[in-house]
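Asks: Here it is: the structure, laid out below.
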Amino acid sequence: MSEIHLNGEIRGDQGFKILVVGKCAEAAKAILSLRKNREVRADILHQQGDGSVPGFDERLNGVDALKEDLTPELIGRYDLILIKSPGTAFTRDIIRLAKEKDVWVSVVGEDAIAPKAQSIISGERYWRKVAKRCLFALAFVLTGHVISSYYPLHDLLSAGKSLGESLNLDAAFGWMLLAGFLAQIVDGALGMGYGVISTTMLLSTGLNPAAISGSIHTAEMFSSGASGFSHYRFGNINKKLFKTLLLPGVLGAVGGALLLSYLGEEYGNWLRPVLSLYTLLLGTRILINAFKKKNESRKVKHAGWLAGAGGFLDSFGGGGWGPLVTSTLIAKGKTPRYIIGTVSLTEFFVTLGSALTFFVILGTSHIETIAGLIIGGLIAAPIAARLTGKLNTKSMFIGVGVLVIATSLRTIIKTISNLL
Numbered sequence: 164m165s166e167i168h169l170n171g172e173i174r175g176d177q178g179f180k181i182l183v184v185g186k187c188a189e190a191a192k193a194i195l196s197l198r199k200n201r202e203v204r205a206d207i208l209h210q211q212g213d214g215s216v217p218g219f220d221e222r223l224n225g226v227d228a229l230k231e232d233l234t235p236e237l238i239g240r241y242d243l244i245l246i247k248s249p250g251t252a253f254t255r256d257i258i259r260l261a262k263e264k265d266v267w268v269s270v271v272g273e274d275a276i277a278p279k280a281q282s283i284i285s286g287e288r289y290w291r292k293v294a295k296r297c298l299f300a301l302a303f304v305l306t307g308h309v310i311s312s313y314y315p316l317h318d319l320l321s322a323g324k325s326l327g328e329s330l331n332l333d334a335a336f337g338w339m340l341l342a343g344f345l346a347q348i349v350d351g352a353l354g355m356g357y358g359v360i361s362t363t364m365l366l367s368t369g370l371n372p373a374a375i376s377g378s379i380h381t382a383e384m385f386s387s388g389a390s391g392f393s394h395y396r397f398g399n400i401n402k403k404l405f406k407t408l409l410l411p412g413v414l415g416a417v418g419g420a421l422l423l424s425y426l427g428e429e430y431g432n433w434l435r436p437v438l439s440l441y442t443l444l445l446g447t448r449i450l451i452n453a454f455k456k457k458n459e460s461r462k463v464k465h466a467g468w469l470a471g472a473g474g475f476l477d478s479f480g481g482g483g484w485g486p487l488v489t490s491t492l493i494a495k496g497k498t499p500r501y502i503i504g505t506v507s508l509t510e511f512f513v514t515l516g517s518a519l520t521f522f523v524i525l526g527t528s529h530i531e532t533i534a535g536l537i538i539g540g541l542i543a544a545p546i547a548a549r550l551t552g553k554l555n556t557k558s559m560f561i562g563v564g565v566l567v568i569a570t571s572l573r574t575i576i577k578t579i580s581n582l583l
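Add 163 to the 1-based position in the sequence shown for our numbering, that's all there is to it.
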């Protein structure tokens, strides 16, 4: 949670999150006053709670119309709440919950936000951050000049080349680096895709399925950890959902890794097309929902069982955590940013359980492949987390839907070709 100081400065590692309560006219005024500070994030909550805010412009980057019920956990995510009519029963409930969670509340005036709130979210801190970055850039240039005076650039390049040769790094390492980067960009921004992209690359190397899954989960343990931490910093986590998914997901991943290690791919070939048919239907539903003006939010039931199945299929079938868990939760009409962030954080613990199981049974091999995937994923993780916040809801639905459909069709076509 961010801290608000007397001079209006905002301090914290997750940015400043504001909940705007009311209809579009008042909400638009509040949102427009926030755009000076790029670290400010805003969500809109209407009394209906289904994400249907009359006249809401979905093109506003970093602003979501929430599809969630009013709960203490929801209110506790925010640093400031802006309301228009404090006398209604709905806003009285919000004010009561805000007091319980120690969250600031401000009433939106006829023409502008209350002066107290306006001073808090002013753009002063943004320009202060720009100045700090300029000073950092200047210090970086001066440091580089001093280093180059003693160690010329061509000497540094020669040393790097010698290090690569000593580690036996070839072109394959570069491809794994690229695969890790692209896989994490997709997975961190859309909540799925890491296993699919990485597996496609590794299948061409001729590795056995257990070695492929072990290598991917070892690398994904690092990249998903960086991705989950980045999502936490940007405030994309639903703590209640995280607790629900955590333990079943880990247990499912351990079970899938054990089964794959001892039984190989005999049953995995049958599970993949079944999962692909299911996710193909989910992807179609998500695409349809992207073009609906209203998307009713429904309560998620049996999320623990869903996480257990996703963890099992992810380890045993080489993928499935993102397509199964993320797709199902988003298809329920929930806000994609919080679903993707929470599932990405949970994925770290799921891959940790899977990687440790493979390590105990199979040991460690293919270090160059794992290193390439890890480094590429670590570079992409913070970029992907920030991209999640910038995409509007409709774009995220379209991106997730297209990815799930393409992934499912690829697996189905591959299965049919193997049977012919």
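Built from N, CA and C at the ideal position, the CB exists for glycine as well.
Between which residues of its own chain and THR126 is the CB-CB distance below 6 Å, once the five residues before and five after are set aside?
Replies: Examination of residue 126 is not possible in this model, given that the chain is present from 164 through 583 alone.
Asks: Kindly list the residues whose CB is nearer than 6 Å to the CB of LEU550, restricted to its own chain and excluding five residues on each side of it in sequence; keep chain order.
Replies: For LEU550, where only same-chain residues beyond five positions count, the Cβ hits under 6 Å are ALA352.
Asks: Check this for me: beta carbons of GLY526 and VAL417, under 8 Å apart or not?
Replies: Contact flag unset, no.
Asks: Going by DSSP, name the residue or residues bridged to ILE181.
Replies: According to DSSP, ILE181 bridges with ALA205, LEU243.
Asks: Helix, strand or coil for VAL565 per DSSP?
Replies: Helix.
Asks: Return the first residue and the last residue of the alpha helix (DSSP H) that TRP468 is part of.
Replies: Start and end: 466 to 479.
Asks: Determine the burial state of LEU182: buried for a count of at least 16 other Cβ atoms within 10 Å of its Cβ, exposed for fewer.
Replies: Buried: at least 16 other Cβ atoms inside 10 Å.
Asks: I need the straight-line Cα distance from LEU341 to SER393, nearest angstrom please.
Replies: Approximately 20 Å between the Cα atoms of the pair.
Asks: With respect to the beta strand (DSSP E) encompassing VAL268, which residues constitute its N-terminal and C-terminal limits?
Replies: Start and end: 267 to 270.
Asks: Could you check where the alpha helix (DSSP H) with LYS402 kicks off and where it finishes?
Replies: Unbroken alpha helix (DSSP H) run through LYS402: 402 to 426.
Asks: Quick one: any contact between the segment 500 to 515 and the segment 387 to 404, if contact means 3 or more CB pairs under 8 Å?
Replies: Yes, since at least three Cβ pairs between the segment 500 to 515 and the segment 387 to 404 fall closer than 8 Å, the two stretches touch.
Asks: LYS180: buried (16+ other C-beta within 10 angstroms of its C-beta) or exposed?
Replies: When all chains shown are included, LYS180 counts as buried.
Asks: Which residue marks the beginning of the alpha helix (DSSP H) containing THR491, and which one marks its end?
Replies: Segment 490 to 494, the alpha helix (DSSP H) holding THR491.
Asks: Rounded to the nearest angstrom, what separates LEU423 and VAL513 at their Cα positions?
Replies: Each residue's alpha carbon lies about 16 Å from the other.
Asks: Answer with buried or exposed for GLY562, where buried requires no fewer than 16 other C-beta atoms within 10 angstroms of its C-beta.
Replies: When all chains shown are included, GLY562 counts as buried.
Asks: Quick one: residues in its chain with C-beta nearer than 6 Å to the C-beta of TRP267, no 5 flanking neighbours on either side, listed in chain order?
Replies: Answer for TRP267: LEU243, listed in chain order.
Asks: Apply the 10 Å Cβ neighbour rule to ILE246 and answer buried if 16 or more other Cβ atoms are within range, or exposed otherwise.
Replies: Buried, because 16 or more other Cβ atoms sit within 10 Å of the Cβ of ILE246.
Asks: Taking a contact to mean a Cβ-Cβ separation below 8 Å, would you say GLY415 touches GLY471 in this structure?
Replies: Yes, the pair counts as a contact, with Cβ atoms nearer than the cut-off.
Asks: Once DSSP output is grouped into helix, strand and coil, what is the label at ASP350?
Replies: Of the three classes helix, strand and coil, the one that applies to ASP350 here is helix, per DSSP.
Asks: Considering only residues of the same chain and omitting the five flanking positions on each side of GLU236, which have a CB-CB separation below 8 Å?
Replies: Around GLU236: ASN401, LYS402, LYS403.
Asks: Hey, LEU566 and GLY343 are a contact pair by Cβ (cut 8 Å); roughly how many whole angstroms apart?
Replies: That belief does not hold up - the Cβ atoms of LEU566 and GLY343 are roughly 17 Å apart, past 8 Å.
Asks: Please list the terminal residues of the continuous alpha helix (DSSP H) segment that includes PRO499.
Replies: PRO499 -> alpha helix (DSSP H) spans 499 to 525.
Asks: With DSSP as the reference, please indicate the residues paired to ASP227 in a beta bridge.
Replies: DSSP output for ASP227 lists ASP206 as bridge partner(s).
Asks: For LEU544, collect the residues of the same chain with a Cβ closer than 7 Å to its Cβ; drop the 5 residues on either side in sequence, then sort them by chain order.
Replies: A quick correction: the sequence has Ala, not Leu, at residue 544. Within the same chain, ALA544 has close Cβ partners GLN347, GLY351, SER386, ALA389, SER390, SER393.
Asks: Pull up the distance between the alpha-carbon of SER378 and that of ALA420, whole angstroms please.
Replies: For SER378 and ALA420, the distance between alpha carbons rounds to 12 Å.
Asks: Once DSSP output is grouped into helix, strand and coil, what is the label at GLY337?
Replies: In the structure shown, GLY337 sits in a helix (DSSP, three-state: H, G or I).
Asks: Considering only their Cβ atoms, is the gap separating GLY474 from GLY539 smaller than 8 Å?
Replies: The answer is no: Cβ separation not under 8 Å.
Asks: With a cut-off of 8 Å on the beta carbons, I'd call SER478 and SER376 a contact; round off their distance for me.
Replies: 6 Å between Cβ atoms; contact.
Asks: Have a look at ALA374, THR489, THR498 and flag the residue whose alpha-carbon is nearest the alpha-carbon of VAL349.
Replies: Per the Cα distances, THR489.
Asks: Which residues in the same chain as LYS577 place their Cβ atom closer than 8 Å to its Cβ, once the five residues preceding and following it in sequence are excluded?
Replies: There are no such residues.
Asks: For the alpha helix (DSSP H) holding PHE253, just list the boundary residues, first then last.
Replies: Start and end: 252 to 263.
Asks: Between the Cα of TYR357 and the Cα atoms of ILE575, GLY485, ASP256, GLU263, which residue gives the shortest distance?
Replies: Looking at the Cα atoms, GLY485 is the closest of the given residues.
Asks: Using a Cβ-Cβ cut-off of 6 Å (strictly less than) and excluding sequence neighbours within five positions of ILE524, which residues of its own chain qualify?
Replies: Contacts found: SER424.
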